[in-house]
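Quick notes on the structure that follows.
Number of protein chains: 2
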Amino acid sequence: MASHGFWSLGAQSAGGDNSSPSTPRAWCQAAAQKFTGGIGSKLCALLNVGEMEKTGDPSAAADPKQGASLAETCSCSDKPCSCSRAAVGFSHLYSTDLLPALDGDLKTLNFLQEVVDILLAYIVESFDRSTKVIDFHYPNELLQRNNWELSDEPETLDDILISCRATLKYAIKTAHPRYFNQLSTGLDMVGLAADWLTSTANTNMFTYEVAPVFVLLEYVTLKKMREIIGWENGRGDGIFSPGGAISNMYAMLLARYKMFPEVKEKGMSSVPKLVAFTSEHSHFSIKKGAAALGIGTESVICIKADERGKMIPSDLERRIVEAKQKGYVPFFVSATAGTTVYGAFDPLIAISDICKKYGIWMHVDGAWGGSLLMSRKHRWKLNGVERANSMTWNPHKMMAVPLQCSALLVREEGLMQSCNQMHACYLFQQDKHYDLSYDTGDKALQCGRHVDIFKLWLMWRAKGTIGFEAQIDKCLELSEYLYNKIKDREGYEMVFDGKPQHTNVCFWYLPPGLRYVEDKVEKMKRLHKVAPTIKARMMEYGTTMVSYQPQGDKVNFFRMVISNPAATFEDIDFLIEEIERLGQDL
Amino acid sequence: MASHGFWSLGAQSAGGDNSSPSTPRAWCQAAAQKFTGGIGSKLCALLNVGEMEKTGDPSAAADPKQGASLAETCSCSDKPCSCSRAAVGFSHLYSTDLLPALDGDLKTLNFLQEVVDILLAYIVESFDRSTKVIDFHYPNELLQRNNWELSDEPETLDDILISCRATLKYAIKTAHPRYFNQLSTGLDMVGLAADWLTSTANTNMFTYEVAPVFVLLEYVTLKKMREIIGWENGRGDGIFSPGGAISNMYAMLLARYKMFPEVKEKGMSSVPKLVAFTSEHSHFSIKKGAAALGIGTESVICIKADERGKMIPSDLERRIVEAKQKGYVPFFVSATAGTTVYGAFDPLIAISDICKKYGIWMHVDGAWGGSLLMSRKHRWKLNGVERANSMTWNPHKMMAVPLQCSALLVREEGLMQSCNQMHACYLFQQDKHYDLSYDTGDKALQCGRHVDIFKLWLMWRAKGTIGFEAQIDKCLELSEYLYNKIKDREGYEMVFDGKPQHTNVCFWYLPPGLRYVEDKVEKMKRLHKVAPTIKARMMEYGTTMVSYQPQGDKVNFFRMVISNPAATFEDIDFLIEEIERLGQDL
Numbered sequence: 036m037a038s039h040g041f042w043s044l045g046a047q048s049a050g051g052d053n054s055s056p057s058t059p060r061a062w063c064q065a066a067a068q069k070f071t072g073g074i075g076s077k078l079c080a081l082l083n084v085g086e087m088e089k090t091g092d093p094s095a096a097a098d099p100k101q102g103a104s105l106a107e108t109c110s111c112s113d114k115p116c117s118c119s120r121a122a123v124g125f126s127h128l129y130s131t132d133l134l135p136a137l138d139g140d141l142k143t144l145n146f147l148q149e150v151v152d153i154l155l156a157y158i159v160e161s162f163d164r165s166t167k168v169i170d171f172h173y174p175n176e177l178l179q180r181n182n183w184e185l186s187d188e189p190e191t192l193d194d195i196l197i198s199c200r201a202t203l204k205y206a207i208k209t210a211h212p213r214y215f216n217q218l219s220t221g222l223d224m225v226g227l228a229a230d231w232l233t234s235t236a237n238t239n240m241f242t243y244e245v246a247p248v249f250v251l252l253e254y255v256t257l258k259k260m261r262e263i264i265g266w267e268n269g270r271g272d273g274i275f276s277p278g279g280a281i282s283n284m285y286a287m288l289l290a291r292y293k294m295f296p297e298v299k300e301k302g303m304s305s306v307p308k309l310v311a312f313t314s315e316h317s318h319f320s321i322k323k324g325a326a327a328l329g330i331g332t333e334s335v336i337c338i339k340a341d342e343r344g345k346m347i348p349s350d351l352e353r354r355i356v357e358a359k360q361k362g363y364v365p366f367f368v369s370a371t372a373g374t375t376v377y378g379a380f381d382p383l384i385a386i387s388d389i390c391k392k393y394g395i396w397m398h399v400d401g402a403w404g405g406s407l408l409m410s411r412k413h414r415w416k417l418n419g420v421e422r423a424n425s426m427t428w429n430p431h432k433m434m435a436v437p438l439q440c441s442a443l444l445v446r447e448e449g450l451m452q453s454c455n456q457m458h459a460c461y462l463f464q465q466d467k468h469y470d471l472s473y474d475t476g477d478k479a480l481q482c483g484r485h486v487d488i489f490k491l492w493l494m495w496r497a498k499g500t501i502g503f504e505a506q507i508d509k510c511l512e513l514s515e516y517l518y519n520k521i522k523d524r525e526g527y528e529m530v531f532d533g534k535p536q537h538t539n540v541c542f543w544y545l546p547p548g549l550r551y552v553e554d555k556v557e558k559m560k561r562l563h564k565v566a567p568t569i570k571a572r573m574m575e576y577g578t579t580m581v582s583y584q585p586q587g588d589k590v591n592f593f594r595m596v597i598s599n600p601a602a603t604f605e606d607i608d609f610l611i612e613e614i615e616r617l618g619q620d621l
Numbered sequence: 036m037a038s039h040g041f042w043s044l045g046a047q048s049a050g051g052d053n054s055s056p057s058t059p060r061a062w063c064q065a066a067a068q069k070f071t072g073g074i075g076s077k078l079c080a081l082l083n084v085g086e087m088e089k090t091g092d093p094s095a096a097a098d099p100k101q102g103a104s105l106a107e108t109c110s111c112s113d114k115p116c117s118c119s120r121a122a123v124g125f126s127h128l129y130s131t132d133l134l135p136a137l138d139g140d141l142k143t144l145n146f147l148q149e150v151v152d153i154l155l156a157y158i159v160e161s162f163d164r165s166t167k168v169i170d171f172h173y174p175n176e177l178l179q180r181n182n183w184e185l186s187d188e189p190e191t192l193d194d195i196l197i198s199c200r201a202t203l204k205y206a207i208k209t210a211h212p213r214y215f216n217q218l219s220t221g222l223d224m225v226g227l228a229a230d231w232l233t234s235t236a237n238t239n240m241f242t243y244e245v246a247p248v249f250v251l252l253e254y255v256t257l258k259k260m261r262e263i264i265g266w267e268n269g270r271g272d273g274i275f276s277p278g279g280a281i282s283n284m285y286a287m288l289l290a291r292y293k294m295f296p297e298v299k300e301k302g303m304s305s306v307p308k309l310v311a312f313t314s315e316h317s318h319f320s321i322k323k324g325a326a327a328l329g330i331g332t333e334s335v336i337c338i339k340a341d342e343r344g345k346m347i348p349s350d351l352e353r354r355i356v357e358a359k360q361k362g363y364v365p366f367f368v369s370a371t372a373g374t375t376v377y378g379a380f381d382p383l384i385a386i387s388d389i390c391k392k393y394g395i396w397m398h399v400d401g402a403w404g405g406s407l408l409m410s411r412k413h414r415w416k417l418n419g420v421e422r423a424n425s426m427t428w429n430p431h432k433m434m435a436v437p438l439q440c441s442a443l444l445v446r447e448e449g450l451m452q453s454c455n456q457m458h459a460c461y462l463f464q465q466d467k468h469y470d471l472s473y474d475t476g477d478k479a480l481q482c483g484r485h486v487d488i489f490k491l492w493l494m495w496r497a498k499g500t501i502g503f504e505a506q507i508d509k510c511l512e513l514s515e516y517l518y519n520k521i522k523d524r525e526g527y528e529m530v531f532d533g534k535p536q537h538t539n540v541c542f543w544y545l546p547p548g549l550r551y552v553e554d555k556v557e558k559m560k561r562l563h564k565v566a567p568t569i570k571a572r573m574m575e576y577g578t579t580m581v582s583y584q585p586q587g588d589k590v591n592f593f594r595m596v597i598s599n600p601a602a603t604f605e606d607i608d609f610l611i612e613e614i615e616r617l618g619q620d621l
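One line per chain: the protein sequences are A and B, in this order.
For what it's worth, our numbering labels the leading residue of the first sequence as 36, then goes sequentially.
For what it's worth, our numbering labels the leading residue of the second sequence as 36, then goes sequentially.
In structure tokens:
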């Protein structure tokens, strides 16, 4: 496991020679003494590749990023050798040779630089439309394609680099302009840089003491988001949580505590039967949260949605009255701003009137649609959100911040703290030398909390609010383009009528052989299989990815969503062509 | 916001010339055409610095990592200029010039490379004992030291780089060998590389479809961890969750569901009054979880601990019997393997006998101490863990995996799925073309879930089990060294007698002026202020960081913990010297 002194390469050519080196090789080796970050060895690698190209050695002319293959072909016996770094590589180095090992800094810098080179190559490839979105393999096949097992013995850093390459080879290219599969797509370069920095800083959000900058940035950013919601002077509270489901759970927890603070100590047995309301199109996390919080899924009453997927306020009121008549206590309404499948926006003003009338906490699940608040053109779809008591808003979806970045915003100050605090004196010491209001950890459900703020904050600085707006407006424009393109096109049928409010475009594709089938039952049965089959083929070809699902009594349909800032009109055209190419024989 | 074509530098020297360039500069510029990753411009920067050094230009000889200062000194008017990349810099580039912008790849690679250079410099500095652990500023001061505000307008990439530098300047160096403040310290280079890759892959754990490799690696790793616990053939279930508090909450949720599955639909009103048990030294997340789950903090019964902080089994049994006599239903015992303050290991075998006798779910909170299972020398401290129904184990603590990485392991298969699943058909389609058992998202409380597995998996490959073992054994050796050093040293008093079981060493430091104070009340009053004052001074000097807290009727004491693989015997010596230096006048 010891270092084999490979890096003495540099030291060999060091010395007191201050004259300008006369050949590229000599110059390069001299320069290698002065600079870290793998530059020195990169220089030599470049030189060698150049020279080997001239001598016609075919293995040497390979892409220098293919370190593994070069490593296998390097068989020189010179010590120290002058082969490219990747060739002599990391085959004699182990993680114990890296920092904090003595003299581990150069090895560390070179190792990390090698990893970065792999990542940079992957990034460029991801944006290249001629590459596959996915190199798909079935689970059992993928398990066999590589050795993924964990063993007692260490591997060399060369093996580690090979594992990194293998992992990326079989990964989904979520940055790919034709990756439309989820609500979170794309890869923002500033967000990525910020996430790399976050990993490097490797700290925890629970106290100012260990995350001074990040705690301040969370404060600044949450305030800005509350201003955008429309809460006076951006006042209120909030937290970045590990995803929209947890943000929604927080909201339900706060609503319950607000109405019955004794529930914290005494539990649900101290309170009457509580009921929550959300539309039948809402996200499953509302029920999941109710199950976890001991409220029970049966106490989540699903309100009817109209044909566009919007909650019907009159049905909400009817069900509230009904619940009260049964002696239940309505405590929580979760309206959705941007439903998962249809992208529908519930009518927030009407819902807020009802919540006010009956004294119920109004939550807005804007995990998907909340980002439209950043757009002057589209924010009217959330009119009334300023009346909500809380809001979930996931910048990792429509704002394309790297995963995960989900905010819960709360109108009332102090409530989160009193609801969740446990006063652990070993973490939140009360006799610290700084302003303790910045030790925000006790208002969280988590103890340790990952730093999710920096990527959002840095992207916001880089784009400005207008940059996010432009990005969002463009995605909506693309979805309108798609809608216009297919709404009257032969073989397509829209799942709901009219222009989508969000980027969700839901449609069936009917292959030619299915278009004139008379038997409705037979037709639906076959249509139900069309989307899954096309999707499976998309994945096997690796050309694009888009989601599908059934909904209620509707058979499987495609749900196209666009949050990927890399997507263009041509990519929309491609998607349609691809659906038709892959589905025409069905 | 448009690109100003700076990168045409490279294109200028392109062409059909295939002959070997005769000067370093010409060769370098030609090479710049072929290689990505900022290498081309690095080459030119290197060349220029070399040449400027010869001409005696002092600003040019500056450290090339100091991009900002170089940027300010570059005032050349050549277009394209041949100054170093950092000099011409990013002052005319915006995030919109990066990928997916057309021809954005070179700019992207150079920008990301610049960020990486900042990070690499920070990493090397972090391990350097001559640098500060923290450049501390009070919140209001830190707010004023930089512009952290978010605005409508975008900033240049140069400003973004400046923000990155500022963020790191005021960050805690958690990798620093003298950072002992939390249970999570240190920075592992392979773990960091893995986290950078994870950010780049930017995907979500909910389905195999979007995270094929990561889902498999989670499967492989959880199985390995269960084998290490001692569950037959590694069978069982588990998940990586956002921190130990959430892992503990999962365990409580599963225990409740196992006993009363109807609670999922019907809530807590359908079940009798449940009570949970944990020691008075356990982590606050047990109570926090009980509050959230609607059980209530009063239903968490705190069992007495002995003077070493271990749960007293006879008290546990007494309280169980007492609860049953009151008609309550004991459903959950959380034993702690490695308490937060004392590092105590509850007697798991005795506790498991009691749990078995009364039919109660046994959970082991091994967030801190679970990693000792990796050590043949220390794993006996968890004897009996194989009898538990579930276990929390945070590799981000004692195994120094980057934050966050917390596992919940569950002995019974399928329980997590039935407890948490909501069958969302838009995510977990049942007619997919691959084995659906790999779509693990529906067993989670979260919907989207960050990829926390890759860093652990890659570190495990790099170190092997024996590498983790060596790292853990070394930390325990260091803590024993500290204990031996201070246990009889003048001015020190141990909080509990005997060799610590984990790396927690708890002690009071009595400054000379306090050692012979007779009045006990006065002495305790003054001693209570010693640790906070020394800690505040440590942070202001930035030399080291260690935690303190009161416990029960004990006044503030230091809790030294060692999980930082960079720490050495000398660092322990330094800590003691520093405490005495900073505290002698108190």
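For each residue, glycine too, the CB sits at the ideal point set by N, CA and C.
Since the structure is predicted, the reported quantities are computational estimates derived from the model, not experimental observations.
With DSSP collapsed to three states, give me the class of residue i.
i              : result
residue 149(B) : helix
residue 528(B) : strand
residue 440(A) : coil
residue 624(B) : Nothing can be reported for residue 624(B): it is not among the residues displayed for chain B, which extend from 36 to 621.
residue 116(A) : Its pLDDT being 46, under 50, residue 116(A) is placed unreliably in this model, and the value from its coordinates should be taken loosely. It is coil, neither helix nor strand.
residue 482(A) : coil
residue 213(A) : coil
residue 563(A) : helix
residue 460(A) : coil
Determine the direct distance from the alpha carbon of residue j to that of residue i, and round the result to whole angstroms.
i              : j              : result
residue 602(B) : residue 132(B) : 43 Å
residue 127(B) : residue 292(B) : 59 Å
residue 451(B) : residue 325(B) : 18 Å
residue 481(B) : residue 138(A) : 43 Å
residue 494(B) : residue 255(B) : 14 Å
residue 76(B)  : residue 147(A) : Residue placement at residue 76(B) is poorly supported in this model, since its pLDDT is 44, which falls under 50; the coordinates still yield a value, given next. About 19 Å.
residue 533(B) : residue 383(B) : 20 Å
Find out if the Cβ-Cβ distance for the pair residue i, residue j is shorter than 8 Å.
i              : j              : result
residue 402(A) : residue 348(A) : no
residue 263(B) : residue 434(B) : no
residue 377(A) : residue 329(A) : no
residue 260(A) : residue 442(A) : yes
Measuring CA to CA, which of the options is closest to residue i?
i              : options                           : result
residue 242(A) : 173(B), 232(B), 210(B) and 223(B) : 173(B)
residue 186(B) : 497(A), 515(A) and 567(A)         : 497(A)
residue 296(B) : 618(B), 455(B), 259(B) and 261(B) : 455(B)
residue 244(A) : 467(A), 524(A), 599(A) and 600(A) : 467(A)
Query - Inside the region 261-333 of chain A only - beta strand (DSSP E) runs reaching at least 3 residues - result: If we require 3 residues or more, the beta strand (DSSP E) runs fully inside the region 261-333 of chain A come out as 272-276 and 309-314.
Runs of 4 residues minimum, wholly inside the region 347-388 of chain A: which ones carry the alpha helix (DSSP H) assignment?
348-360
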